[in-house]
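Data block below; observations after.
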Amino acid sequence: MSDDPQDDDEMIAKVSDYLDGLLSGAEKDAVATKLESDPAWKQTHEDMLETRKALSGLQKARAPGHFAQDVTATIHKRSAGRFFGRRTLGDRVPLMPLVIVAVLALCAIAYVMWSSQTGSLKVHHEHEHDGSAVKLTPGL
Amino acid sequence: MSELERSLLRRLRNRDERAFRELIEAHRDRVYNICYRMLGNRHESEDVAQEVFITVFKTIDTFREEAKFSTWLYRVAVNHCKNRIKYLARRHDRDRDELDDQASGANGTPIGAPAPSAPDRALEGAQMEKLMQDAIASLEDEQRIVVVLRDVEDLSIEEICEITGLPDGTVKSRLHRARLVLRKKLARHVGDQHE
C-alpha cells in the first residue's frame, strides 16, 4: 500500500475493474503489467480475488417451502378474496377426480342393477314362455 | 423478453393466481437470498420477500417492458430492503434493548443493530459464512446493495445501474469501496487468526 490514500483508491478501482472485466485492451494490459511488477498491486489483486471468491461462495439462502402459499394466503387475507381475478370452474373444482368418481359410481350402480334378481336391466324371456310371467289377481 | 415471459405477464395482468404462483416459484429463492444478504435475518428476509411479491402483483400494470422483468423485480426487492433497513434502524434507536435480545437469538443479527464484535472468530466452514455476513452487514447500505448484487448475485454492472437507478461510475466507485472495506475486514480477521 502506498502512503497516499488517493493512490490506493486508484489502485483498488483499477484492480476492481480488472477483476470485473471492465477494462479495455490498453488499460487491461497496463494493470496486468502492474500486477506482475508491483507487489502492492499484486497483493491487492490477490486480496480482492479472495474476497470475491468468499462472497460468491456464500451459501444461497432458500425461501421456505411454504413461501408461495404464505404469499397468496396473505394476499387473499388482505383483499378479502378480491385481489385475484375470478378463477375458472376448473380452478375452483377438481373436475377430473370428480369425473373419475362419477364414472366409478355409475359402473357400480349399473353392476348392482344388472346382477340384482329384481333389477330392471335384465329381460326375463323365460317367464313369458312358461306362462308364469305375471298373474293379475282380480280384486287386488 | 421471451414469449413465455410475455405470456406470464399477460396472465399476471389478468390477475391470474396460477401465474402468480409460477412467478413466485421462479424467483423466490433469488429474491429471498438478496433480502437475506441485505438484512442478515431470516425472519425479516422472509417477511420482506413476501412483501416484494405482493408489491409486484399489485403494481404489475406499471411495469413497462423496456427492462428485463427480473431487473424490475430486483429493484422492488432492493427498495423494500432499504425501507426495512431504515425501519429496523429507527426501531433499534427507539428500543435498543429489545432488538439486542433478538440479535442474540437463533435468527442472526438484523441489519440496523450493531454487529457483535468477535475478534477470535475462526475463518473456517460455517464461521466463514458468518464472518462474511457480518462483514456485509457492516457496510453502508448503498455499498451493501451493490456488493450483494454484483459479488453475491453475480449481476452485471449494467443491470445494477438499472436496478439502483445509479450511473455507472457511482456503482463502480461504491463497489470498489465496498470491496476495500470487506478486504480490510477479512485481512484483519486473517491477522487475528494467525496471531
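Respectively, the protein sequence lines represent chains A and B.
Going by our numbering, the first sequence opens with residue 1, and the numbers climb by one from there.
Going by our numbering, the second sequence opens with residue 1001, and the numbers climb by one from there.
Yeah, the Cβ is synthetic: ideal placement off N, Cα and C, and Gly gets one too.
- In this structure, the CA atom of Cys1161(B) is about 14 Å from the CA atom of Arg1144(B).
- Between the segment 38–52 of chain A and the segment 1170–1188 of chain B, the count of Cβ pairs shorter than 8 Å is three or higher; the stretches touch.
- From the beta-carbon of Asp47(A), the residues of chain B found nearer than 7 Å are Arg1183 and Ala1187.
- For Ala102(A), not one C-beta of chain B is nearer than 8 Å to its own C-beta.
- Classified as buried, Leu1180(B) has 16 or more neighbouring CB atoms from the shown chains inside 10 Å of its CB.
- Scanning chain B for C-beta atoms nearer than 9 Å to the C-beta of Glu36(A) yields nothing, as the closest lies near 20 Å away.
- Annotation for Asp1016(B): no residue places its beta carbon closer than 8 Å to its own, counting only its chain and skipping 5 residues before and after.
- Counting along the chain, Asp1141(B) sits inside the alpha helix (DSSP H) bounded by residues Asp1141 to Val1147.
- Taking a C-beta cut-off of 8 Å against chain A, the contacting residues of the segment 1032–1047 of chain B are Tyr1032, Asn1033, Tyr1036, Arg1037, Arg1042, Ser1045 and Glu1046, listed in chain order.
- Nearest to Asp1029(B) by C-alpha distance, out of Tyr1074(B), Leu1008(B) and Leu1166(B), is Tyr1074(B).
- The DSSP-derived three-state label of Phe1069(B) is helix.
- With the rule of 3 Cβ pairs closer than 8 Å, the segment 53–63 of chain A does not count as touching the segment 22–41 of chain A.
- Between the beta-carbon of Gln1050(B) and that of Asp17(A) there is about 37 Å, and that puts the pair past the 8 Å contact cut.
- Here the segment 1077–1092 of chain B lies against the segment 1035–1053 of chain B, with 3 or more beta-carbon pairs under 8 Å apart.
- Chain-order list of chain A residues neighbouring Met1132(B): Ala54, Leu55 and Leu58, by C-beta distance under 8 Å.
- The alpha-carbon separation between Glu1025(B) and Trp41(A) amounts to approximately 44 Å.
- Taking Val1056(B) as reference, the option from Ser1070(B), Glu1066(B) and Glu1046(B) with the minimal CA-CA separation is Ser1070(B).
- With fewer than 16 other Cβ atoms inside 10 Å of its own Cβ, Lys77(A) counts as exposed.
- Here the alpha carbon of Ile1163(B) sits roughly 12 Å from the alpha carbon of Val1148(B).
- Using a Cβ distance threshold of 8 Å, Glu1065(B) and Met1001(B) count as a contacting pair.
- Going by C-alpha positions, Ser1007(B) is about 30 Å away from Tyr1036(B).
- Less than 8 Å divides the Cβ of Leu1175(B) from the Cβ of Arg1150(B).
- When rounded, the separation of the alpha-carbon atoms in Ala13(A) and Ser24(A) is 14 Å.
- Chain A has a Cβ within less than 8 Å of the Cβ of Arg1021(B).
- Ser24(A) carries a coil assignment under DSSP once its states are collapsed to helix, strand and coil.
- Val93(A) sits in coil when the DSSP states are folded into three classes, being neither helix nor strand.
- The criterion of a C-beta distance shorter than 8 Å is satisfied by Asp20(A) and Ile1157(B).
- Distance from Asp1141(B) to Lys1068(B) at the Cβ level is roughly 24 Å; contact not present, criterion being Cβ atoms closer than 8 Å.
- Shown here is that no member of the segment 1064–1093 of chain B has a Cβ falling below 7 Å from a Cβ of chain A.
- The residue from Asn1033(B), Tyr1032(B), Leu1004(B) and Met1038(B) with its alpha-carbon nearest to that of Glu1022(B) is Leu1004(B).
- The alpha-carbon of Arg1010(B) is positioned some 17 Å away from that of His1027(B).
- Pairing Asp1061(B) with Arg1013(B), the inter-Cα distance amounts to about 6 Å.
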